[in-house]
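Note sheet for the following structure.
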Amino acid sequence: MKQGRILFTDLDGTLLSDDKSISPKNRRAVDQVLAEGNFIAISTGRPLESGKLVAEELGLTKPGCYLIAFNGSVLYDCFARKILHEETIPVSLVQRLFVQAKKAGIYIQTYDRKDILAEEYTKELAYYAERTRMSYRLLQNGASELYEKPYKALLISLSSRQRLEEFKRANASWTDGKMNAFFSCPEYLEYCPCGVGKGFAVRRLLQILKIPAEYAAAAGDEENDISMLQAVKNGAAVKNAAASVKEAAAYVTERDNNHDAVAEVIEKFFY
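In numbering that gives the first Met the number 0, the protein residues as written are 0 to 270.
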């Protein structure tokens, strides 16, 4: 294996199987990357606290382990346990999103450094909190309680992606150029700081580590992974990825996330 390389990998639907576990083959491949002097960066839409929990469970807290959280808003060193870079959204923009989402009848949440922040307890909040294993805090007086600039806001519709697409179009006149909006899965419409996405954080970490893009590989499955795949030379879509992700990728794996797709990416680009 050539040293001084880095793998950026999405979690859900990519490194993790559908049951949220990591296969023995994926784990061995990732461990070998690190053992031979290379780097690993988990790149996820999950909040920092949720991403840190997964990194610890996977043993990715050694030197050379990094975490991109909130779809690129936070870059974190898992070994040093410190934030290397962060981007936020002005509070007024998130408050306006809350108002518009409420008018549209769509659930919305944002975050502080530890918790999910929502106006009321709903099935969407229950669904998200269970999947991320995060705590939450209800805003008793609505979004007017927000005072810290958030890393992102998230709209959730468990039954209709179309409703989220309609919301995105209807609000583009004031959100475009102020926030970056995209889908991380059919149920989640994400709003991140302007210009921020996984690709933004990938480029920043490559600069910090002084690794050229041709020495980097990335693996993902959803729309929010496209900028990450395009920020490196060796961007791979896993077999179960959305069609748009496969079109943007330099390589599509023969195996899906339940059958060691990330190990396949490592075998192809690291040896």
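From the three backbone atoms N, C-alpha and C, an ideal C-beta is built for every residue, glycine too. Source: prediction; values computed, not measured.
Paired residues, beta bridge with residue i - DSSP
i    : result
G234 : A217
T87  : Beta-bridge pairing links T87 to no other residue.
T73  : Contrary to the premise, residue 73 reads as Val rather than Thr in this sequence. Note: V73 sits in a beta bridge opposite A68, E85.
C191 : N179
L15  : D11
Bounding residues of the beta strand (DSSP E) (the contiguous stretch that carries residue i)
i    : result
N117 : Sequence check: residue 117 is Ala here, not Asn. Run containing A117: 115-117, per the beta strand (DSSP E) assignment.
I210 : Element bounds for I210: n/a, residue is neither H nor E.
I5   : 5-8
Backbone CA spacing between residue i and residue j [nearest angstrom]
i    : j    : result
G176 : L92  : 12 angstroms
L137 : R202 : 35 angstroms
K81  : G50  : 13 angstroms
K26  : F7   : The sequence shown places Arg at residue 26, rather than the Lys named in the question. If you take the alpha carbons of R26 and F7, they lie about 14 angstroms apart.
Q206 : V90  : 29 angstroms
L52  : S134 : 13 angstroms
G3   : P149 : 34 angstroms
C193 : K238 : 30 angstroms
W173 : E221 : 25 angstroms
L47  : K151 : 11 angstroms
K122 : Y270 : 46 angstroms
A247 : A125 : 33 angstroms
A216 : I265 : 8 angstroms
E56  : G63  : 16 angstroms
E263 : G12  : 15 angstroms
E147 : L153 : 16 angstroms
T252 : E144 : 46 angstroms
N223 : L188 : 10 angstroms
Residue range of the unbroken alpha helix (DSSP H) whose run includes residue i
i    : result
I39  : Unbroken run through I39 is the beta strand (DSSP E), 38-42; no alpha helix (DSSP H).
E55  : 47-56
D255 : Per DSSP, D255 belongs to no alpha helix (DSSP H) and is neither H nor E.
I21  : Premise fails: I21 is in no alpha helix (DSSP H) and is neither H nor E.
L228 : 225-229
T174 : 171-174
E246 : 242-247
Interface flag, residue i vs chain D, CB-CB below 8 angstroms
i   : result
L14 : Although the question refers to chain D, the structure presented lacks it and comprises just one protein chain.
query: For the stretch 197-204 against the stretch 212-231, are there 3 or more C-beta pairs whose distance is under 8 angstroms?
result: With the rule of 3 Cβ pairs closer than 8 angstroms, the stretch 197-204 counts as touching the stretch 212-231.
query: Taking the runs of the alpha helix (DSSP H) that are 4 residues or longer, which of them lie wholly in the stretch 94-160?
result: DSSP runs (the alpha helix (DSSP H)) wholly in the stretch 94-160: 122-131.
task: Mind the definition here: the stretch 115-127 touches the stretch 61-76 only if three or more C-beta pairs lie below 8 angstroms; say whether that holds.
output: They do not touch, by the three-pair rule.
field: Validate contact between the stretch 24-39 and the stretch 153-167 using beta carbons, cut 8 angstroms, 3 pairs
entry: Contact between the stretch 24-39 and the stretch 153-167 is not established, with fewer than three Cβ pairs separated by less than 8 angstroms.
The stretch 200-219 touching the stretch 177-184, judged by at least three CB pairs closer than 8 angstroms: Judged by Cβ distances under 8 angstroms, the stretch 200-219 makes no contact with the stretch 177-184, as fewer than three pairs qualify.
- request: Determine, using beta-carbon pairs with one atom in the stretch 257-269 and one in the stretch 14-24, whether at least three such pairs fall under 8 angstroms.
  value: With a cut-off of 8 angstroms, the stretch 14-24 and the stretch 257-269 count as touching, because enough Cβ pairs lie within range.
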